[in-house]
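Asker: Below is the structure I would like to discuss, written out as structure tokens.
Residue numbers (my numbering): 197 to 307.
This is the structure:
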């Protein structure tokens with residue numbers, strides 16, 4: 197059974213992963229289908245080095261895994277439920293009033 201501390205850690209890792217727009221785009225792309233880093237970099241319009249750093253973060257957060265495929269490595273979501281969670285989060289955020297922003301939005305860059 198999970199403890200409160202581990203629940204908080206899991207949510208913090210998920211939040212850290214979602215805190216960057218490129219990582220969000222990677223997760224949404226992998227929600228659709230597994231992909232190779234070079235293909236992801238091209239599709240997202242980012243350098244391979246930058247993509248590699250973001251993939252490392254997502255791996256460290258436990259959200260993506262690597263799957264060896266011959267001489268290449270494919271990335272995919274660590275669990276298909278993550279795709280459903282992303283869909284649920286997007287639906288919940290869309291349901292929030294659009295004229296609301298965080299009090300600290302300008303200072304902290306949130307919302």
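Beta carbons: idealized from backbone N, C-alpha and C, even for Gly. All figures in this text were calculated on a predicted structure; none of them were measured in a lab.
Looking at the unbroken alpha helix (DSSP H) that takes in residue 236, where does it start and where does it end?
Answerer: Counting along the chain, the alpha helix (DSSP H) containing residue 236 begins and ends at 233-240.
Asker: What is the rounded straight-line gap between the Cα of residue 209 and the Cα of residue 257?
Answerer: Their Cα atoms are separated by approximately 5 angstroms.
Asker: Measure the beta-carbon distance from residue 236 to residue 222 and round it to whole angstroms, keeping in mind my assumption that it falls under 8 angstroms.
Answerer: About 6 angstroms; that satisfies the 8 angstroms criterion.
Asker: Please report how far the alpha carbon of residue 330 lies from the alpha carbon of residue 271, in whole angstroms.
Answerer: Residue 330 is absent from the model: the chain starts at 197 and stops at 307.
Asker: Closest by CA to residue 224, which one among 263, 254, 268?
Answerer: Ranking 263, 254, 268 by Cα distance to residue 224 puts 254 first.
Asker: In the DSSP assignment, the beta strand (DSSP E) including residue 217 goes from what residue to what residue?
Answerer: Careful: residue 217 lies outside any beta strand (DSSP E), inside the alpha helix (DSSP H) at 217-228.
Asker: Apply the 10 Å Cβ neighbour rule to residue 250 and answer buried if 16 or more other Cβ atoms are within range, or exposed otherwise.
Answerer: So residue 250 ends up on the buried side.
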